[in-house]
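Okay, structure first, notes after.
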Ligand code: SF4
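In this note's numbering, the protein residues as written are 12 to 384.
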């Protein structure tokens with residue numbers, strides 16, 4: 012786990028911004044540079060992309076609000092979308108998962124932190140004002156881990172304050188970390204906040220999620236925030252297929268429900284391993300011999316991403332869904348980036364693309380009243 016950054020880059024436009032100055036005090040670093048100096052990193056990156064991915068985790072940049080920071084999750088056309096709204100407060104992550112799509116974003120050779128929360132919150136408010144048909148779900152865990160850098164950024168409290176006053180939508184912290192102290196210090200806990208953990212069997216975590224905490228530590232953190240009053244989420248994503256996967260994943264489901272009360276779990280998502288064809292070469296160079304590359308994956312329509320064959324994905328989802336239902340008959344289970352056909356065969360549910368979030372029972376936050384904003 013990173014205790015200090017090697018280089019912290021600062022954009023000159025933020026030199027008077029109070030939160031940027033506070034971050035300069037909070038974030039430990041060895042060297043402070045102006046953001047223009049990052050150009051050198053970008054030039055090296057073209058020549059040595061693999062080394063740049065690893066090196067980029069040891070530096071960070073405080074950058075100004077670049078325009079749009081709240082967007083729909085980049086769902087694949089033709090796959091069912093859960094309408095997740097992504098808030099890009101941080102882009103980049105100190106963990107180093109073999110399957111992480113961020114490795115392909117070679118235009119960002121370091122972790123970017125955007126301190127101008129007030130501008131981002133303005134965007135969120137505009138989104139909320141324009142949608143009263145269904146409850147929006149916002150989260151910061153798409154292009155980063157929501158809490159991995161919380162001890163440096165302290166973003167959790169402003170986010171909690173902001174969303175406490177917008178009870179008509181959900182806000183989700185999605186993480187693999189155990190940095191929950193600031194959540195535990197916040198009171199009262201708003202009913203529309205979900206803290207969710209991405210989970211995998213211990214063997215997969217050990218080989219594929221470098222730098223991320225062990226399963227037991229994640230679940231202990233989940234128990235702590237649940238006891239404090241937060242709702243929980245779990246994301247089995249990506250699920251790997253290998254000899255013995257059934258036992259391993261069933262035990263993770265059992266371990267979750269051994270530790271947490273089913274009534275506290277708001278949702279669980281399932282998604283099997285996938286990666287873009289443009290990422291395949293980089294993954295092969297960085298993770299030769301890893302589980303990621305041991306399975307047979309094929310380019311699949313409509314997006315050409317590498318996935319397990321459809322019958323195998325259906326089988327994995329069916330089994331996992333059954334194991335979850337054995338403990339929890341209520342929790343909302345959904346698939347990430349899957350087709351309507353796979354939904355039907357795996358979960359026995361009819362979904363229609365963008366209608367998924369509205370029609371198929373995504374739970375509503377406590378402050379949601381249809382048609383009222
Ligand atoms: S925790 Fe998430 S964002 Fe971070 S490296 Fe792993 S997959 Fe990528």
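Note that the Cβ used here is the ideal one computed from N, Cα and C, for glycine as well.
Note that the structure is a prediction, hence the values are computed from the model and not measured.
Between residue 63 and residue 42, the gap from beta carbon to beta carbon reaches 8 Å or more. When DSSP reads this structure, residue 68 sits in no beta bridge, so it has no partner.
The beta carbon of residue 105 is closer than 8 Å to those of 12, 13, 68, 122, 156, 159, 160, 222 in its chain, skipping five residues each way along the sequence. Every unbroken stretch of the alpha helix (DSSP H) spanning 4 or more residues and falling wholly within the region 270-333 is given here in chain order: 288-297, 302-305. Within the DSSP bridge table, the entry for residue 107 names 221 as partners. In the DSSP assignment, residue 250 falls within the beta strand (DSSP E) that extends over 242-250. DSSP places residue 49 within a helical segment (H, G or I) once states are collapsed to three.
DSSP places residue 354 inside the alpha helix (DSSP H), whose first and last residues are 351-358. In the DSSP assignment, residue 134 falls within the unbroken alpha helix (DSSP H) covering 128-140. Annotation: residue 76 to residue 125 spans about 6 Å, alpha carbon to alpha carbon.
Checking the 7 Å criterion, the Cβ of residue 346 is out of range of every heavy atom belonging to the ligand SF4.
Scanning its chain for C-beta atoms nearer than 6 Å, with the 5 sequence neighbours on each side dropped, one finds around residue 230 the residues 270, in chain order. For residue 231, the enclosing alpha helix (DSSP H) covers residues 226-239. Taking a 10 Å sphere around the C-beta of residue 198, we find fewer than 16 other C-beta atoms and assign the residue as exposed. If you look at residue 190, you'll find it isn't in any beta strand (DSSP E); DSSP assigns it neither H nor E.
The three-state secondary structure of residue 256, taken from DSSP, is helix. Of the residues 119, 94, 172, the one whose Cα lies closest to the Cα of residue 66 is 119.
Spatial neighbours of residue 345 in its own chain (CB-CB distance under 6 Å, excluding positions within 5 residues in sequence) are listed in chain order as 93, 280. Counting only residues of its own chain and dropping the five nearest sequence neighbours on each side, residue 90 has a CB closer than 7 Å to the CB of 348, 349, 350. Residue 266 carries a helical assignment under DSSP once its states are collapsed to helix, strand and coil.
Note on the region 153-179: whole alpha helix (DSSP H) runs with a minimum of 4 residues are 161-164, 167-175, in chain order.
With fewer than 16 other beta carbons inside 10 angstroms of its own, residue 309 counts as exposed. Residue 122 carries a strand assignment under DSSP once its states are collapsed to helix, strand and coil.
Judged by their CB atoms, residue 248 and residue 274 are not nearer to each other than the 8 Å cut-off. Look at residue 32 here: in three-state DSSP terms it is helix.
Between the ligand SF4 and residue 187, a heavy atom-to-CB distance of less than 7 Å is present.
Inter-residue distance for residue 304 and residue 189 is about 28 Å (C-alpha atoms, whole angstroms).
Assignment of residue 149 by DSSP, reduced to helix, strand and coil, places it in the strand class. Here residue 252 has 283, 284, 306, 319, 323, 327 as same chain residues with Cβ atoms under 8 Å from its own Cβ, once five neighbours each way along the sequence are excluded.
Residue environment analysis places residue 96 among the buried positions, since at least 16 neighbouring C-beta atoms fall within 10 angstroms of its C-beta. In this chain, the beta strand (DSSP E) harbouring residue 204 covers 204-209. With 16 or more neighbouring CB atoms inside 10 Å of its own CB, residue 256 falls in the buried class. Contact annotation: residue 154 and residue 102 have beta-carbon atoms nearer than 8 Å.
Distances from the CB of residue 161 to the heavy atoms of the ligand SF4 are all 7 Å or more. A residue is called buried once 16 or more other Cβ atoms fall within 10 Å of its Cβ, and residue 70 is buried on that count.
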